[in-house]
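A short worksheet on the structure shown next.
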Amino acid sequence: MILSYFQEVLMNYWKILFTLSVILLFIVACDHNYKDDKKMPDGLRKVMLGENNLNFKYWLGSSDNSNDEKSYQLYIADDSLKHLNLLPKGLYDIRFSYSTDDIQTITFYTDTIFNTKDVKLLSDNILGVQVHYKSDEYLKTEVFDYQNNAIRKIASLTSFVDYFSFNDTYDCSKIFNTDYTTVLIIFNENIKQKKGKANFKKNLVVYKNVQNRIEKN
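Numbering-wise, my numbering comes out as the position in the sequence shown, counting from 1, plus 95.
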């Protein structure tokens, strides 16, 4: 009787453990963009960025039914920062408070849906820029607004992240109204990640709420 009791307890324990494992896997899986779901890119395109020609993989839309006509596009160039003449001439007056060697990603939020094989990214196409960079043992991010040839750091969005997230990129694109256009991401290799200080999601929600109140008034 005692043995059967402990067998039942053990069985219930494993059921709970299995359920928690499934929930954890689901949560982790949810923090990915459709790019991870589709696995294979929709194609390759060459992008001229400043004086650099980079080869980008690209994914179209957030569903299989999306097309080039009206679609959020994700362009990714892996391990390209070290080959990049970092900032296109005439585009930025950004003065980084950290070494460019610490930069892990640069994301360009654009106002354009690029449908040509060869793309030339002009400063007029760019509405926002996001940079992920190493800060001690952690990963931080800064977001810049680019309008009328003027760059402005959105100070309230300077935040820590646990790791680079495509979901964060998509959510951030909404503040520039570029969640239906092309977003270009240039990666460094082996992006830094360490958990414990992440506050970007919270700061982004607060920023959006403030902007919504301003627009309503």
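Note that the Cβ used here is the ideal one computed from N, Cα and C, for glycine as well.
| said: Just to confirm my understanding: we take K296, look at its own chain, exclude 5 residues before and 5 after, and list those with CB closer than 8 Å. What are they? | reply: D263, D266
Discussion item. Could you check if I198 belongs to the surroundings of the ligand MG, using beta carbon to heavy atom distance under 7 Å?
Written reply: Absence of the ligand MG from the depicted structure is noted, as is the absence of any ligand whatsoever, leaving it without description.
- request: Would you mind reading off the limits of the alpha helix (DSSP H) that contains Q288?
  value: Where Q288 is concerned, there is no enclosing alpha helix (DSSP H), given that its DSSP letter is neither H nor E.
- prompt: Using DSSP with H/G/I as helix, E/B as strand and the rest coil, what is V142?
  reply: V142 falls in the strand class under three-state DSSP.
Stretch-stretch touch, CB-based, cutoff 8 Å, three pairs: the region 296-306 with the region 275-286:
no
Review point. CB-CB under 6 Å to N294, same chain, minus the five flanking residues each way: which ones, in chain order?
Key: S254, F255
**Prompt:** By Cβ distance, which residues of its chain are closer than 7 Å to Y153, with the 5 residues on each side in sequence left out?
**Reply:** P136, D137, G138, R140, Q168, L169, Y170
Q.
For D219 and S260, what's the separation of their Cα atoms in angstroms?
A. 26 Å
- Query: Do the CB positions of L279 and L176 come within less than 8 Å of each other?
  - Reply: no
Notebook entry, point to check: Who are I280's beta bridge partners in DSSP?
Noted result: I171, T202
Checklist entry - So K212 is in the alpha helix (DSSP H); what residue range does that whole segment cover? => result Segment: none, K212 is in no alpha helix (DSSP H) and carries neither H nor E.
query = Quick one: what's got a C-beta closer than 6 Å to D173's C-beta in the same chain, skipping five residues either side?
reply = Taken in chain order, the residues that qualify are F282.
* Asked: How about K248 and E232: do their beta carbons lie closer than 8 Å?
  -> Their beta carbons are not under 8 Å apart, which means K248 does not touch E232 by this criterion.
*E232 by DSSP, collapsed to three states: which one?*
coil
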